Amino acid sequence: MTQQERISTVARDLISGINTTLERHNVTYEEYQAVKNWLIRLGQAGEWPLYLDVFHEFTVEQIHARNRRGSDSTIEGPYYLPDMPVLPSPAALPMREDEPGQPLVFSADITDVEGNPITDAVLDIWHADAEGKYSGFDSAAPVPNLRAQVVADGSGHVETRGIVPAPYSIPVMGPTGQLCRAAGWSPMRPAHLHFMVRAAGYERLTSQLFFTGDTYLQSDIASAVKPGLIITPEHHDAGTDGVDQPHAYVHYQFRLNPAQVQRSAA
Ligand code: MBD
Ligand code: FE
2 MTQQERISTV ARDLISGINT TLERHNVTYE EYQAVKNWLI RLGQAGEWPL YLDVFHEFTV
62 EQIHARNRRG SDSTIEGPYY LPDMPVLPSP AALPMREDEP GQPLVFSADI TDVEGNPITD
122 AVLDIWHADA EGKYSGFDSA APVPNLRAQV VADGSGHVET RGIVPAPYSI PVMGPTGQLC
182 RAAGWSPMRP AHLHFMVRAA GYERLTSQLF FTGDTYLQSD IASAVKPGLI ITPEHHDAGT
242 DGVDQPHAYV HYQFRLNPAQ VQRSAA
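With our numbering as the guide, the letters of the sequence shown map in order to residues 2 to 267.
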């Protein structure tokens, strides 16, 4: 299939899917104008990345995840920033003085699918603060707050010290939030940590981890939760793990899929 044929096939199907929906629901001119104005506002508000990653990325991610081995992947979302500070493990994430939130020690091993350590891996981590806000986007904290690229040690181990993020609400004042409100959908995502794990010879792993017991695990507006991505932190006392306060502690193993041999589209 040529690229032109591919574009024609997918675009025609997408357009006809929308048209079939309009037909099925007898959409009126009034409703058509309302949707048209909403889409225009979506662009003006800069919310196309938010809308796409909330409502469509999970489908592409599920396709990508087929025939992959290793630990679960999930969507990247709209708030990743490249080139964040490179820190050796164990790393204190960039935080404000007196960053609010329960201290969190996140400990991970990065291995291949058989469990052998990968010693040259880098763990990109980013997450919201205790108000559910991201530096560089909706938080008052400047970049690189709660963002870093942490370099694994010689045994494929990485450890970060940060805080437990709060559940996240997509911005409710913009067009995407307006859609949620108009449709009666919750705008919430369960609290989550974002990761991108890279190592030479392995497929990049994009993932998130969620917390047991979170109110929003079953109703993530972005449909990104998978059972294997729910972690249960332990309560550790002050003075353990090199942290002088009581803290949450969690361990996770990232298993990376070998790099794919480039296949031409058949
Ligand atoms: C987020 O924080 C996020 O991770 C996704 C996928 C969508 C919107 C906000
Ligand atoms: Fe997020």
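Ideal placement from N, C-alpha and C gives every residue a C-beta, glycine not left out. These figures come from a predicted structure and were not determined experimentally.
Looking at the DSSP output, residue 104 shares a beta bridge with 164. By the neighbour-count criterion, in which 16 or more other beta carbons inside 10 Å mark a residue as buried, residue 101 falls on the exposed side. Remark: fewer than three beta-carbon pairs, one from each stretch, lie closer than 8 Å, so the segment 173–184 and the segment 110–130 are not flagged as touching. DSSP lists 189 as the bridge partner or partners of residue 170.
With a cut-off of 7 Å, the C-beta of residue 12 is classified as distant from the ligand FE, since no heavy atom of the ligand falls inside that distance.
When C-alpha distances from residue 227 are compared across 235, 243, 217, 236, the shortest belongs to 217. Just so you know, the alpha carbons of residue 232 and residue 107 end up roughly 11 Å apart. Spanning the alpha carbons of residue 71 and residue 214 requires a straight line of approximately 25 Å. Cα atoms of residue 235 and residue 179: separation of roughly 38 Å, rounded to the nearest angstrom. Taking residue 159 as reference, the option from 258, 45, 252, 183 with the minimal CA-CA separation is 252. Residue state for residue 135 is assigned as coil, using DSSP reduced to three classes.
The residues 118, in chain order, have a CB closer than 6 Å to that of residue 156 in the same chain once the five nearest residues on each side in sequence are set aside. Distance between residue 99 and residue 33, taken at the CA atoms: about 50 Å.
Counting other Cβ atoms within 10 Å of its Cβ, residue 29 stays below 16 and is therefore classed as exposed. Counting only heavy atoms of the ligand FE, the residues whose C-beta sits closer than 6 Å to one of them are, along the chain, 78, 80, 169, 193, 195. Apart from the 5 residues on each side of it in sequence, residue 190 sits with its Cβ closer than 8 Å to the Cβ of 168, 169, 170, 171, 217, 221, 222, 223, 225 in its chain, given in chain order.
Contact check between the segment 64–84 and the segment 198–213: three or more CB pairs, one atom from each, fall below 8 Å, which counts as touching.
Cα atoms of residue 198 and residue 68: separation of roughly 19 Å, rounded to the nearest angstrom.
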